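The structure appears below as structure tokens.
Here's what the structure looks like:
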């Protein structure tokens, strides 16, 4: 019969912090805020403002910010 081992008790994350593989409290706050925004009726207006920014005077600055952000990203997201 295989020997039963105890789970590791060493961790770089304080017990009960909710952090490690992800920050569950931050994820929950984000989900709640995203749901609140979606129900607010402001999505269409925000989308129209974003479209004007991307197609207008801010286009070059936004494109440069995207390039800078992608250069610091861990994974390749170029197919999106």
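In my numbering, the protein residues as written are 36 to 115. Cβ atoms here follow ideal geometry from the backbone N, Cα and C, with glycine treated the same way. Owing to the predicted nature of the structure, the values given are computational and were not obtained by experimental measurement.
Are the beta-carbon atoms of residue i and residue j separated by less than 8 Å?
i          : j          : result
residue 88 : residue 97 : yes
Here's the rule: buried if 16 or more other CB atoms are within 10 angstroms of the residue's CB, otherwise exposed. What is residue i?
i          : result
residue 46 : Because the pLDDT at residue 46 is just 48, under 50, the model does not fix this residue reliably, and the value given afterwards should be weighed accordingly. Burial call: exposed.
Residue i: beta carbon under 7 Å from a heavy atom of the ligand NAP?
i          : result
residue 98 : Although the ligand NAP was asked about, the structure shown includes no ligands whatsoever.
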